[in-house]
Amino acid sequence: MALEEYPIGKAIINLVTAHRQVTTAKIAQLGLHAGQDLILLTLLEQDGQSQNALVQQLRLNHSAVAKSVARMQKNDLVRTRKSTADKRVTLVFLTAKGRDLAHQAQQIWANVEAIAFTGLDAADRQAFSRIMTTVQQNFETHATTPPKEC
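Residue numbers (full-length UniProt numbering): 1 to 150.
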């Protein structure tokens, strides 16, 4: 049984691997570990989110987010505090350094997006996005495992 027998699966794996390689290499130049850029970007969009909200939005497990947030806190990228409404909830906020790196990560993601769509017109981009969303939803309908770690 060769992977060539499953051209769609092979294409998805190759696409995800290539995207991760390009993105991770560029993000590493900022001194960030894989996944930290996603946390920064999510907080840039809405600062002061709970760790559980980050888990849900990023589709990661709680342990992965907690470890990343702790590491980011040590590097002065984020700060945490307990919610005044519910002391069990930990809220995560960007620091000035984290906000600066989030803006740099935003530029990297824009550049990676441009690389991905080189040679495709607007119609192709829309079709690709629509098809990938449908495939993702198909997988999510049948998913039985918890989100993975970053």
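Where is the CB? At the ideal position from N, CA and C, for every residue including glycine.
Sequence-distant residues of its chain with Cβ nearer than 8 Å to residue i (five each side left out)
| i | result |
| --- | --- |
| residue 42 | 49, 54, 57 and 58 |
| residue 26 | 108, 111 and 112 |
Which listed residue (the options) has its alpha carbon closest to that of residue i
| i | options | result |
| --- | --- | --- |
| residue 88 | 51, 3 and 109 | 51 |
| residue 108 | 29, 126 and 143 | 29 |
| residue 44 | 136, 119 and 96 | 96 |
| residue 32 | 137, 120 and 101 | 101 |
| residue 65 | 40, 9, 117 and 85 | 40 |
| residue 18 | 7, 110, 27 and 116 | 116 |
| residue 78 | 67, 134 and 86 | 67 |
| residue 20 | 141, 34 and 119 | 34 |
| residue 24 | 111, 137, 85 and 63 | 111 |
Cβ-based neighbour list, residue i, same chain, cut-off 7 Å, excluding 5 preceding and 5 following
| i | result |
| --- | --- |
| residue 80 | 69, 73, 90, 91 and 92 |
| residue 76 | 95 and 97 |
8 Å contact criterion, which residue i and residue j should meet: CB distance rounded
| i | j | result |
| --- | --- | --- |
| residue 37 | residue 105 | 4 Å |
Own chain, CB closer than 6 Å to residue i, minus 5 neighbours either side, in chain order
| i | result |
| --- | --- |
| residue 3 | 10 |
| residue 12 | none |
| residue 83 | 89 and 91 |
Residue ranges of each alpha helix (DSSP H) within the UniProt domain "HTH marR-type" (1–137), 4 or longer: Within the UniProt domain "HTH marR-type" (1–137), the complete alpha helix (DSSP H) segments of 4 residues or longer fall at 7–28, 36–45, 51–58, 62–74 and 96–116, listed in chain order.
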